[in-house]
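Using full-length UniProt numbering, the first residue of the sequence shown is number 1, and each one after it goes up by one.
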Amino acid sequence: MSKLEKALGWIFGAVLSVLGASLLHSGSIVAGLTFVATSLFLLPPIRRVIARRTRKSLNAKSRARYVSVFLVFGLLGLGVDKELEADRKVVEVERAHVAQMEAARDELIELFMTRRETLLNDANALLKDGKYGAVIESLSTYAIVDDAELHALLRRAEQGIEEQAIASSEQLLLKELDSWSISSKRRDVLEQLVRLRPDNLRYRDEYAKVIEGIAEEEREAEIEEARKRKVEGQFSKWDGSHPGVVRLVKSIMNDPDSFKHDSTRFVDEGDHLTVVMAFRGKNAFGALVRNEIRAEVDFRGNVLKVLGQQ
């Protein structure tokens with residue numbers, strides 16, 4: 001071992017030893033131990049002890065390689081230690097916060113117990129006056145306190161606020177209900193009232209009646225639509241004439257081939273139709289004349305009788 005090599009070993013070994021000790025003292029365990037271990041490869045006395053025990057001696061190049069590896073691990077250890085330190089500080093902050101919260105909670109409980117009788121008496125008076133929001137405002141601060149009467153008063157206040165909201169919505173819906181005469185609109189409003197007040201029999205009965213009425217209206221509309229289709233189905237889609245009336249007219253004409261349909265209209269009389277048809281045709285003298293016939297027709301398209309002719 002040359003004097004220069006020995007001097008450098010003492011210098012760098014001492015530096016790393018001091019640095020490692022400093023890091024250990026500051027809490028950087030991983031980096032501190034790594035630098036201290038690295039110094040063992042550099043300090044001459046320790047190197048001689050290791051060489052005698054292991055009967056192996058590392059040359060300068062090998063030592064430099066090992067030292068480089070340890071230094072890299074030491075630098076990495078600094079990062080690990082910083083992360084551990086950051087985690088430790090987070091834990092300390094959380095513990096401090098918990099301690100602060102517990103202290104504040106204890107202080108709040110003590111304050112409530114000091115003012116308990118006054119607070120609860122005032123809350124009962126406010127409940128009687130229907131001032132539920134004031135009760136919530138007064139007592140909610142102490143909600144963390146384990147006191148049965150306190151929480152019972154808070155529940156009553158919350159129920160009162162909920163009931164006030166329901167009553168307000170109910171009045172608005174009743175006002176809207178009075179403004180509608182259309183069954184479907186009344187049904188929608190009553191449905192909301194039933195959901196709002198499920199135990200209100202009057203709302204339920206009125207809702208059921210409206211539903212029944214709508215169903216009846218729909219049935220009547222279907223019947224009326226079927227009747228309309230049946231009536232309109234009797235007439236020609238081409239010119240609107242009634243085939244039964246046309247056949248009747250042609251059967252009494254002098255020249256059926258001269259028949260020309262002009263127009264047809266009808267009136268639904270309830271149990272039959274009155275059909276009025278205007279047409280042209282040749283008379284006995286061969287002249288083309290205009291005529292009109294009124295006939296009573298049933299709903300199967302049969303001509304029952306002639307009511308008049310012009």
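Don't be surprised by glycine CBs; every beta carbon is placed ideally from N, CA and C. Here the structure is a predicted model, which means the values were calculated and not measured.
Check: Taking the alpha carbon of Thr141 as the reference point, which residue from Arg280, Trp238, Glu107 has its own alpha carbon closest?; Outcome: Glu107
Check: Out of Arg229, Ala157, Asp255, Ile214, which has the shortest C-alpha to C-alpha gap to Phe285?; Outcome: Asp255
Check: Do the CB positions of Met277 and Ile252 come within less than 7 Å of each other?; Outcome: no
Check: Confirm, please, whether the CB-CB distance from Ile136 to Ala157 is below 7 Å.; Outcome: yes
Check: Please say whether His272 and Asp298 have beta carbons closer to each other than 7 Å?; Outcome: yes
Check: Are the beta-carbon atoms of Val246 and Val275 separated by less than 7 Å?; Outcome: no
Check: Are the Cβ atoms of Leu307 and Glu296 separated by less than 7 Å?; Outcome: yes
Check: Would you check if the distance between the CB atom of Ala134 and the CB atom of Leu126 is smaller than 7 Å?; Outcome: yes
Check: I need the DSSP call for Ser179, collapsed to helix, strand or coil.; Outcome: coil
Check: How many Å lie between Ala96 and Leu139 at the Cα?; Outcome: 28 Å
Check: Pair every Cβ in the segment 145-154 with every Cβ in the segment 111-120, then say whether three or more of these pairs are closer than 8 Å.; Outcome: yes
Check: Does the beta-carbon distance from Lys260 to Arg280 come in below 7 Å?; Outcome: yes
Check: Out of curiosity, what's the CA-to-CA distance linking Glu176 and Asn302?; Outcome: 51 Å
Check: Grab the span of the alpha helix (DSSP H) containing Glu222 for me, first residue to last.; Outcome: 201-232
Check: Looking at the unbroken beta strand (DSSP E) that takes in Ile293, where does it start and where does it end?; Outcome: 288-297
Check: Quick check on Thr118: buried or exposed, where buried means 16 or more other Cβ atoms within 10 Å of its Cβ?; Outcome: exposed
Check: Quick check on Ser184: buried or exposed, where buried means 16 or more other Cβ atoms within 10 Å of its Cβ?; Outcome: exposed
Check: Exposed or buried, what is Gln100 when buried is set at 16 or more other beta-carbons lying within 10 Å of its beta-carbon?; Outcome: exposed
Check: Apply the 10 Å Cβ neighbour rule to Gln234 and answer buried if 16 or more other Cβ atoms are within range, or exposed otherwise.; Outcome: buried
Check: Which residues share a DSSP beta bridge with His261?; Outcome: Phe279
Check: Just verifying my parser: in three-state terms, what is the DSSP assignment at Gln309?; Outcome: strand
Check: CB-CB under 8 Å to Ile161, same chain, minus the five flanking residues each way: which ones, in chain order?; Outcome: Tyr132, Gly133, Ile136
Check: Beta-carbon separation of Leu173 and Gln192 under 7 Å?; Outcome: yes
Check: Whole angstroms are fine: how far does the CA of Glu217 sit from the CA of Arg300?; Outcome: 26 Å
Check: DSSP three-state label for Val145, please.; Outcome: coil
Check: I need the boundaries of the alpha helix (DSSP H) containing Glu137, first residue and last residue.; Outcome: 132-139
Check: Give a yes or no on whether the C-beta atoms belonging to Tyr207 and Leu190 are separated by under 7 Å.; Outcome: yes
Check: For Phe235, which of helix, strand or coil comes out of DSSP?; Outcome: coil
Check: Which residue's Cα is closest to the Cα of Ala123: Glu149, Gln171, Gln309, Gln310?; Outcome: Glu149
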